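Residue numbers (the working numbering): 310 to 614. Virtual Cβ for every residue (Gly too), placed ideally from N, Cα, C. Just so you know, these numbers come straight off a predicted model, no measurement behind them.
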Amino acid sequence: MLILSCSSKLRLLEGMLRQGLPDTLPVYGTVMHVNRGNPARQEVLVDSWPEFKIVLTRPNREVTWDPSDFGTNLYTAFYRDEGACRALLGNSRAVDWSQAFQIQGLQDGVYETIRDIARARGLEMEMYPYLPLLHPDPPAMPQYRHDEGLRLAPVSPAHAMLLSNTWMFGWNSWSLRYLCLLIRHFPNACLLGPEGPPISWSLSDPLAALMHGYTLPEHRGQRHIAPVVGMLAAQLHARGFPVYTRVLPHNKPSLQHLQHLGFRILPGAFHQLVVRPGFAQSQPAHALDSGQAPAPSSGERPCAQ
Ligand SMILES: CC(C)(COP(=O)(O)OP(=O)(O)OC[C@H]1O[C@@H](n2cnc3c(N)ncnc32)[C@H](O)[C@@H]1OP(=O)(O)O)[C@@H](O)C(=O)NCCC(=O)NCCS
């Protein structure tokens, strides 16, 4: 197991991961951010170099993280060899299984490995089986104008509480802290209403994926999210990032609007796996919007629709 800290190796890795797109998307987006200032303080592990069989990104061990905060305790994985994947994810020098964490990846082996290790350790695993969506040609995205009286702008940290209280993982102190990190350091966009606060917004995360796209319920169905996603996609594309996201399969409004904008659904599942040893689940039912996540399913297979 090696920690890649040399900038030329990390650049080389970025290029290798680019060749493996779209399977490498979450790891590729994370490594791109690591190579551009690393605002989420991630580090990159490989089993061997330069012929790696697995790449794992994880929170930097030199930073003190809140052990109950699975938002910032974020891992992504891409493997070429399932045995190497099992060996690294089961190695407690690579993954700290005593802390709450989440891991994201597009390959079923990541899901199966985490499920099996969690079971063997007697830990609960929550699974969110998203559909991966990628925009094949962001400059060709249809341009939607916003209504007069509304204004496109970056999201402000002053909006973090509103964003936390409308997010499926929100309503708690770590979600507020995590959203503040995203707002301050990663591209985002919102549509400000005439009174000032945003009526529609979208963020991006340390994987460079679009996340927490939201329109206030009373403003839905008027295409407000389209210019917001257009502005965010343009920022990401201008910086060389892929424009991609993940959506739960039953979230028809979200799938509809993204497909209107030209996003394509990729095959397979975009797994988000959350392990919280010894910590009570912090997802209150009232935070779940009807268009968002179902109750997490422990150890189930991803849904087909
Ligand atoms: C997904 C979401 C951001 C879309 O925002 P929006 O500004 O309403 O976007 P649009 O106006 O383009 O509507 C998108 C789809 O929502 C549905 N919709 C239309 N009117 C609606 C209304 N009054 N209320 C709810 N949904 C409506 C339709 O399916 C529409 O697609 P269509 O125009 O092809 O019929 C918004 O529904 C939302 O905030 N949902 C809850 C949070 C969420 O699920 N976020 C995405 C996480 S991946």
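Asked                                                                                                                    : Found
Where residue 404 falls: helix, strand or coil (DSSP)                                                                    : coil
Any non-hydrogen atom of ligand 1 closer than 6 angstroms to residue 533 Cβ                                              : yes
Residue 547 classed as buried or exposed, judged by whether at least 16 other C-beta atoms fall within 10 angstroms      : exposed
Distance between residue 406 and residue 587 (C-alpha atoms, nearest Å)                                                  : 11 angstroms
As assigned by DSSP and simplified to three states, the class of residue 435                                             : strand
Residue 556: CB within 6 angstroms of a non-hydrogen atom of ligand 1                                                    : yes
Whole-number beta carbon distance between residue 334 and residue 551, since they are thought to touch under 8 angstroms : 6 angstroms
Same chain, Cβ closer than 6 angstroms to residue 528, five either side skipped, listed in chain order                   : 508
Closest by C-alpha distance to residue 366, when choosing among 377, 352, 359                                            : 352
Same chain only: Cβ atoms within 7 angstroms of residue 593, ignoring 5 sequence neighbours per side                     : Only weak support is given to the placement of residue 593: the predicted model assigns it a pLDDT of 38, under 50, and the value that follows is read from those uncertain coordinates. Here the set comprises 480.
Any non-hydrogen atom of ligand 1 closer than 6 angstroms to residue 441 Cβ                                              : no
Continuous alpha helix (DSSP H) stretch holding residue 539: start and end                                               : 534-547
Rounded straight-line distance, which links the Cα of residue 384 to that of residue 590                                 : A caution first: residue 590 carries a pLDDT of 47, below 50, which makes its placement in the model too unreliable to give a value.
6 angstroms CB neighbourhood of residue 399 in its chain, flanking five on each side removed                             : 426
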